[in-house]
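> There's a structure below that I have some questions on.
In this note's numbering, the protein residues as written are 123 to 200.
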């Protein structure tokens with residue numbers, strides 16, 4: 123009986139990598155990751171609350187500046 127269980131465990135262990143190769147990339151849960159507080163502190167994960175902010179930055183620009191072609195629109199009257 124022990125030999126049967128050992129052979130079964132070896133066989134299942136042998137097939138495990140093969141199963142992951144054929145798994146679809148669409149399978150699995152997306153968008154949720156949970157890490158307990160002690161692990162987050164140990165690996166340096168930091169969290170912050172999100173809120174709306176206004177960002178202002180002025181940089182010097184040399185030469186001629188233009189708007190990108192994908193942002194130009196021509197509107198004609200009917």
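Yeah, the Cβ is synthetic: ideal placement off N, Cα and C, and Gly gets one too.
All values reported here derive from a predicted model rather than from experimental measurement.
Could you check what DSSP says for residue 184 in three-state terms: helix, strand or coil?
If DSSP states are grouped into helix, strand and coil, residue 184 belongs with coil.
> At which residues does the alpha helix (DSSP H) containing residue 200 begin and terminate?
From DSSP, residue 200 is part of no alpha helix (DSSP H); its letter is neither H nor E.
> Could you spell out where the alpha helix (DSSP H) holding residue 162 opens and where it closes?
Where residue 162 is concerned, the enclosing alpha helix (DSSP H) stretches over 159–165.
> Quick check: what's the CA-CA separation for residue 163 versus residue 174?
C-alpha separation (whole angstroms): 27 Å.
> Cβ atoms of residue 167 and residue 157: under 8 Å apart, would you say?
Yes.
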